[in-house]
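Visitor: The numbering of the sequence shown is this note's numbering, which starts it at 2 and goes up by one.
Mind having a look at this structure? Questions to follow.
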Amino acid sequence: MDILLLTSGFIGILIIIFSRYALFGGLMTIVSFLTYFTLLGTGQWVYLILLLFGLSLIALEFIVPSFGIIGVTGTIMTGMGLFMSSASPMRTLLNFSIALLITVVLAMLLIKIGYKTRLGRGLVLVDRLSDSGGFKSYQDDYQRYLHQIGKTTTSLRPVGRAMFDGEEVEVLSTGEMIDASKTVVVYKVEGNKVFVRLK
């Protein structure tokens, strides 16, 4: 019974971290840990305060989203309150270890099958950038000039401009100055930088 309560409390934290159902996960954690404390704890008020403070932090996660940081801190404090209030600390430590192991395995499985934490979803670009979405890569745009032959419209010292198939493009020369009206070839493209040399 006690392992089940602890495990369900930790699973509630996983729900907070990995899903959009943070309210459900938080309620699951609070109910599980409070039930554990009521049934198996010594009932000392100091530990109860620690437990309640931890649960308050978990609840605060719903109001002030911190990508799980406040929630995890609250869980640690809740765990300390439960452990210190236990009539049998060694038994609580064993049960806590088993419940934590189960939770870690579940978390690894969730990550393996593609679930992301709320923090991860906030940091990772989910939408794909594509031409249809209005995104145009410099690399894709300028790669078409590679190996093209054109004529400089200004002097390259080393930056200047050249004409390729009726399009004037900013180009760079390396190692030499090139005068205007000279025939050049594009030998390298890096992002939006087009490198040329004399033909």
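Quick reminder that beta carbons are idealized off the backbone N, C-alpha and C, glycines included.
DSSP on residue 163, reduced to helix/strand/coil?
Guide: In the three-state scheme derived from DSSP, where H, G and I count as helix and E and B as strand, residue 163 is classed as strand.
Visitor: Verify whether the separation of the beta carbon atoms of residue 17 and residue 10 is less than 7 Å.
Guide: no
Visitor: Does the beta-carbon of residue 193 have 16 or more other beta-carbons within 10 angstroms, so that it is buried, or is it exposed?
Guide: exposed
Visitor: Count the other CB atoms within 10 Å of the CB of residue 23; is the residue buried (16 or more) or exposed (fewer)?
Guide: By the neighbour-count criterion, in which a residue is buried when 16 or more other Cβ atoms sit within 10 angstroms of its Cβ, residue 23 is buried.
Visitor: Suppose contacts are defined by Cβ-Cβ distances below 7 Å. Is residue 195 in contact with residue 187 by that definition?
Guide: yes
Visitor: Let me check one thing: in DSSP terms, what residues is residue 151 bridge-paired to?
Guide: 185
Visitor: By Cβ distance below 6 Å, which residues in the same chain neighbour residue 85 in space, the five residues on each side in sequence not counted?
Guide: Around residue 85: 48.
Visitor: Along the beta strand (DSSP E) that carries residue 198, what are the first and last residues, could you check?
Guide: 194 to 199
Visitor: Would you say residue 111 and residue 19 are within 7 Å of each other, going by their C-beta atoms?
Guide: In contact: residue 111 and residue 19 (Cβ atoms closer than 7 Å).
Visitor: Using three-state DSSP, classify residue 9 as helix, strand or coil.
Guide: helix
Visitor: Take residue 113 and list the residues in its own chain whose beta-carbon comes closer than 7 Å to its own, dropping the five residues that flank it on each side.
Guide: none
Visitor: Less than 6 Å between C-beta atoms, sequence neighbours within five positions excluded: which residues of the same chain meet that for residue 180?
Guide: Residues 156 of the same chain have their beta carbon placed closer than 6 Å to that of residue 180, with the five preceding and five following residues left out of the count.
Visitor: Among 91, 54, 89, which one has its Cα closest to the Cα of residue 73?
Guide: 54
Visitor: Could you tell me which residues DSSP puts in a beta bridge with residue 169?
Guide: 164
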